[in-house]
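*Asks:* Dropping the structure in here first, questions after.
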Amino acid sequence: MKKTALIMAGGRGERFWPRSRKHMPKQFLSLTDDGKTMIQLTVERIRPLVELEDIYIATNKDYKPLVLEQLPGIPEENILCEPIGRNTAPCIGLGAIHIAKKYEDALMMVLPSDHLIKYNTMFVNTLSEGCAVAEKGANLVTIGITPDYPETGYGYIKFNSDKTDGQAYEVERFVEKPSLEVAKEYLATEEYLWNSGMFVWKISTILDNLKKYMGSTYEGLMKIKDAIGTPEEDIVLENIFPTFQSESIDYGIMEKASNIYILPGVFGWDDVGSWLAVGRIKKSNENGNVVNGNIITINSKNNIIEGSQKLIATVGIEDLIIVDTEDATLICNKNSAGDIKKVLENLKICNRDEYI
Numbered sequence: 001m002k003k004t005a006l007i008m009a010g011g012r013g014e015r016f017w018p019r020s021r022k023h024m025p026k027q028f029l030s031l032t033d034d035g036k037t038m039i040q041l042t043v044e045r046i047r048p049l050v051e052l053e054d055i056y057i058a059t060n061k062d063y064k065p066l067v068l069e070q071l072p073g074i075p076e077e078n079i080l081c082e083p084i085g086r087n088t089a090p091c092i093g094l095g096a097i098h099i100a101k102k103y104e105d106a107l108m109m110v111l112p113s114d115h116l117i118k119y120n121t122m123f124v125n126t127l128s129e130g131c132a133v134a135e136k137g138a139n140l141v142t143i144g145i146t147p148d149y150p151e152t153g154y155g156y157i158k159f160n161s162d163k164t165d166g167q168a169y170e171v172e173r174f175v176e177k178p179s180l181e182v183a184k185e186y187l188a189t190e191e192y193l194w195n196s197g198m199f200v201w202k203i204s205t206i207l208d209n210l211k212k213y214m215g216s217t218y219e220g221l222m223k224i225k226d227a228i229g230t231p232e233e234d235i236v237l238e239n240i241f242p243t244f245q246s247e248s249i250d251y252g253i254m255e256k257a258s259n260i261y262i263l264p265g266v267f268g269w270d271d272v273g274s275w276l277a278v279g280r281i282k283k284s285n286e287n288g289n290v291v292n293g294n295i296i297t298i299n300s301k302n303n304i305i306e307g308s309q310k311l312i313a314t315v316g317i318e319d320l321i322i323v324d325t326e327d328a329t330l331i332c333n334k335n336s337a338g339d340i341k342k343v344l345e346n347l348k349i350c351n352r353d354e355y356i
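Numbering-wise (the UniProt record's numbering), the sequence shown opens with residue 1 and increments by one.
Structure, rendered in structure tokens:
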């Protein structure tokens with residue numbers, strides 16, 4: 001069966017401020033030493049399985065020029081521009097109807113654009129197994145990440161180790177982000193995986209589930225599908241898509257559907273959710289500092305420091321995130337990395353949009 005992929009690339013990446021901005025969000029930035037942007041790495045990673053003409057990018061219409069610039073091999077008609085953000089369920093539905101318009105049926109991989117994978121071959125092997133399970137029937141397949149510590153920032157998925165399909169386990173339930181104590185319990189049972197937000201299914205399967213569990217969204221998607229390739233396509237999309245309820249695919253479909261399987265992923269995954277991820281994915285020096293730019297550190301330990309040409313000198317500091325750009329500088333305790341979004345909230349209240 002034909003393999004296709006939808007890469008979701010509409011996020012703002014607010015926790016990577018001040019490098020990630022409204023006009024240049026995280027997925028279009030290079031955060032690794034190879035100089036490739038995150039969305040370029042995502043496409044490169046799946047190329048052993050999917051032809052370029054079968055890769056679709058769902059993004060904000062403001063980012064279409066960035067997609068064209070960074071992914072010149074992707075057909076322009078495969079860049080799906082959402083008029084407004086409506087969470088992952090309508091986004092995936094939009095991708096599914098475009099693929100359905102091209103093929104009678106196909107396998108569809110759904111991937112975020114801002115994850116990093118250390119072991120690409122193992123990742124491709126896991127996706128291949130996911131395709132095999134999805135192709136067998138009306139199965140919804142997700143990829144979970146084997147947890148190695150009690151993370152409270154991820155959702156979890158409980159699986160039944162006695163019920164399998166190849167290497168995939170039957171999913172029992174999806175659970176929200178837990179407290180630290182609950183996360184420790186999940187880790188101890190070895191029956192939970194982190195929810196990575198990566199999926200594999202047939203187009204027919206996901207559309208059937210959208211029809212069953214999100215009927216009004218499905219009806220709207222069918223109207224958009226009918227308009228694809230016609231002069232009215234953009235107008236219909238602009239009129240209908242904003243009417244969809246903003247809903248995640250987990251809440252809208254996965255928590256309600258049956259025939260859900262999960263594959264454990266052990267391929268060096270990082271969701272790059274905040275500046276703390278830079279400390280995990282880049283090499284640190286002998287004092288635990290991860291530095292990029294023109295940096296001098298004196299008696300400074302375990303810091304993440306990002307700059308450019310301007311000299312940044314630190315003396316006697318620990319556990320800080322320092323990010324310097326042309327017009328803004330962030331200084332943040334590592335323990336407060338999750339609060340960086342509050343800076344943007346404050347900027348919005350003060351109408352200082354030039355810094356957002």
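Note that CB positions come from ideal geometry on N, CA and C, so glycine has one too. A quick note: this is a predicted structure, and the numbers were derived from the prediction, not measured.
#1: Taking 9 Å as the threshold (C-beta atoms), are Thr164 and Glu172 in contact?
#2: Tell me which residues share the same chain as Arg45 and place their Cβ nearer than 8 Å to its Cβ, disregarding the 5 neighbours each side in the sequence.
#3: For Lys341, which of Ile295, Gly316 and Trp275 has the nearest alpha-carbon?
#4: List the endpoints of the continuous beta strand (DSSP E) containing Asn60.
#5: Quick check: the Cα distance between Asp339 and Gly155, rounded to an integer number of angstroms?
#6: How is the beta strand (DSSP E) around Ala313 delimited, first residue to last?
#7: Going by alpha carbons, who is nearest to Asn303 out of Gln309, Ala277 and Ala328?
#8: So what does DSSP say about Asp250, is it helix, strand or coil?
#9: Alpha carbon to alpha carbon, how far is Asn239 from Gln70?
#10: Short check: CB of Met109 to CB of Ala58, under 9 Å?
#11: Can you have a look at Glu77 and say buried or exposed, based on whether 16 or more other CB atoms are within 10 angstroms of its CB?
#12: Taking the straight line between their C-alpha atoms, what separation do you get for Phe244 and Tyr192?
#13: Three-state secondary structure (DSSP) at Val133?
#14: Please go through the same chain and pick out, in chain order, the residues whose beta-carbon is closer than 7 Å to the beta-carbon of Leu66, but skip the five residues on each side of it.
#15: Spatial neighbours of Ile312 within its chain, please: C-beta separation below 8 Å, excluding the five flanking residues on both sides.
#16: Between which residues of its own chain and Val133 is the CB-CB distance below 7 Å, once the five residues before and five after are set aside?
#17: Going along the chain, which unbroken runs of the alpha helix (DSSP H) with 4 or more residues stay wholly within the region 69-128?
#18: What separation, rounded to the nearest whole angstrom, lies between the Cα atoms of Ser204 and Gln40?
#19: When burial is assigned at 16 or more other CB atoms within 10 Å of the CB, is Leu180 buried or exposed?
#20: How would you call Val200, buried or exposed, if buried means at least 16 neighbouring beta carbons within 10 angstroms?
#21: Rounded to a whole number of angstroms, what is the C-alpha to C-alpha distance between Lys26 and Ser113?
#22: If you compare alpha carbons, which of Lys202, Leu6, Phe16 and Met214 is closest to Val272?
#23: Quick one: what's got a C-beta closer than 8 Å to Ser20's C-beta in the same chain, skipping five residues either side?
#24: Under a three-way DSSP split, which group does Met8 fall into?
#25: Please confirm whether Met1 and Asp105 have their CB atoms less than 9 Å apart.
#26: Which residues does DSSP pair with Tyr218 in a beta bridge?
#27: Distance check for Glu53 and Gly252, CA to CA, integer angstroms please.
*Replies:* Inspection of the coordinates gives the following:
#1: no
#2: Ile117, Asn120, Phe123 and Val124
#3: Trp275
#4: Ile55 to Asn60
#5: 19 Å
#6: Ile312 to Val315
#7: Ala277
#8: helix
#9: 29 Å
#10: no
#11: exposed
#12: 32 Å
#13: helix
#14: Phe28
#15: Gly293, Asn294, Ile295, Ile296, Ile305, Ile322 and Asp324
#16: Asn139, Val141, Asp165, Gly166, Ala168 and Tyr261
#17: 88-102
#18: 28 Å
#19: exposed
#20: buried
#21: 9 Å
#22: Phe16
#23: Arg12, Gly13, Glu14, Lys26 and Leu29
#24: strand
#25: yes
#26: In the DSSP output, where bridge partners are listed per residue, Tyr218 has none listed.
#27: 29 Å
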